[in-house]
Amino acid sequence: MAAIEVKNSPHIHPQDLRGLKTFKEDYPQAQCFLLYRGRDRIMRQGIHCIPCAEFLRDLHPKRMIGD
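Heads up, the sequence shown is in the working numbering, so the first residue is 45 and it goes up one at a time.
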């Protein structure tokens, strides 16, 4: 299971993670992804923060998200 949230911002702010953190509390087995317009791939509070361009470039119909 995966949860994906998209932000139209080049920066990640603590409040940007609230929804995914709440989702992760209810579904601890889920992988959570925050897509944003930044350049760096980082992990914040167990949430994968990935630049949108990188995520879309690596998206493939035969591969699961998070692999």
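Idealized CB from N, CA, C, for every residue including glycine.
Could you check what DSSP says for GLN73 in three-state terms: helix, strand or coil? DSSP places GLN73 in coil when its eight states are reduced to three.
Would you mind reading off the limits of the beta strand (DSSP E) that contains ARG88? Element bounds for ARG88: 86-88.
With 16 other Cβ atoms within 10 Å as the buried cut-off, status of TYR80: Buried, because 16 or more other Cβ atoms sit within 10 Å of the Cβ of TYR80.
Could you compute how far the alpha carbon of GLY90 sits from the alpha carbon of PHE67? If you take the alpha carbons of GLY90 and PHE67, they lie about 12 Å apart.
With burial defined as no fewer than 16 other Cβ atoms inside 10 Å of the residue's Cβ, what is the status of LEU103: buried or exposed? Of the other Cβ atoms in all chains shown, fewer than 16 fall within 10 Å of the Cβ of LEU103; this residue is therefore exposed.
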